[in-house]
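Participant: Below is the structure I would like to discuss, written out as structure tokens.
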Amino acid sequence: MAEVKLFGFWASPFAIRVLWASKLKQVVSTLLQYSHAKKGAPILFHQERQIAESLVMLEYIDETWKQLALLPQDTYDRAKAHFWAKFVDAKCMPAVMAVFSSKGEEQQKAVLEARESLKTLESGLEGKPFFGGETINFADVATGWIGCWARIVEEITSTSLIDAEKMPSLDAWFKRFLDVPVIKECVPPWDKLIELNSGYHKMLVASSK
1 MAEVKLFGFW ASPFAIRVLW ASKLKQVVST LLQYSHAKKG APILFHQERQ IAESLVMLEY
61 IDETWKQLAL LPQDTYDRAK AHFWAKFVDA KCMPAVMAVF SSKGEEQQKA VLEARESLKT
121 LESGLEGKPF FGGETINFAD VATGWIGCWA RIVEEITSTS LIDAEKMPSL DAWFKRFLDV
181 PVIKECVPPW DKLIELNSGY HKMLVASSK
């Protein structure tokens, strides 16, 4: 029997990062899929308890299962991990989404803003392999999805957001993180993500006329 149940859409980055945390912790989990993204944000169920908000879920999983701690013990490092997790949701995600949902001059402006936010995110690595140093921590799990979804936006919109020359550390980190076996196995097939998001992109752009 699964220890935790996660209700969420199969292509939702917020559901996926919760799966990443449970996989890293070796917690048995089951994704009970919503039929469509608009069904709502993921919800975690454990021992008849219901937890909302994916970042809260990550912290709950980390505090409940002590093996392979994701949040650092050092209070300063812990604060930084929380900061970068929230930075991605508050700054990077809206910026990348603006590129995805716009066109023309508005999109060009959004691209510049997205690059600026991603460049700021890169500074959080401080030249380390992961946000957690030599190992993955809370910030990596919370932010790693942007490496996949930014590439999807690039392909669908024919834009460039993560420049390997201008953001070498961020580009390398995305590849390194997404290539970790337990992380990689939770990411949906690329062709399915492109197909789904291509349709979503067309709908958004059409509604912006």
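Quick note, the sequence shown lines up with residues 1 to 209 if you use the UniProt record's numbering. Glycine included, each C-beta is placed from N, C-alpha and C at the ideal position. Note that this is a predicted model, so its numbers are computed, not measured.
If you reduce the DSSP assignment to three classes, tell me which class V4 lands in.
Facilitator: For the purposes of this step, residue 4 is identified with residue 4 of the sequence shown, where counting begins at 1. DSSP places V4 in strand when its eight states are reduced to three.
Participant: Classify A11 as buried or exposed, calling it buried when 16 or more other Cβ atoms lie within 10 Å of its own Cβ.
Facilitator: For the purposes of this step, residue 11 is identified with residue 11 of the sequence shown, where counting begins at 1. The residue is buried, with at least 16 neighbouring Cβ atoms inside 10 Å.
Participant: From T30 to R49, what distance separates their C-alpha atoms?
Facilitator: Taking the first residue of the sequence shown as 1, we reach residue 30 at position 30. Taking the first residue of the sequence shown as 1, we reach residue 49 at position 49. About 15 Å.
Participant: Could you check how far apart the C-beta atoms of F100 and G147 are, in whole angstroms? I think they sit under 8 Å.
Facilitator: Here residue 100 corresponds to residue number 100 of the sequence shown, with the count starting at 1. Here residue 147 corresponds to residue number 147 of the sequence shown, with the count starting at 1. Actually they do not touch by this definition, with Cβ atoms about 15 Å apart.
Participant: Could you give the DSSP three-state label for A114: helix, strand or coil?
Facilitator: Taking the first residue of the sequence shown as position 1, residue 114 is located at position 114. Helix at A114.
Participant: Given 8 Å as the limit, is there contact between the region 12-20 and the region 51-65, that is, 3 or more CB pairs closer than that?
Facilitator: Yes, since at least three Cβ pairs between the region 12-20 and the region 51-65 fall closer than 8 Å, the two stretches touch.
Participant: Check the C-beta distance from M167 over to E122 and give it rounded, since I have them as a contact under 8 Å.
Facilitator: Here residue 167 corresponds to residue number 167 of the sequence shown, with the count starting at 1. Here residue 122 corresponds to residue number 122 of the sequence shown, with the count starting at 1. So it is a contact: roughly 5 Å between Cβ atoms.
Participant: From what residue to what residue does the beta strand (DSSP E) around T135 run?
Facilitator: On the sequence shown, residue 135 is found 135 positions in, with the first residue counted as 1. Per DSSP, T135 belongs to no beta strand (DSSP E) and is neither H nor E.
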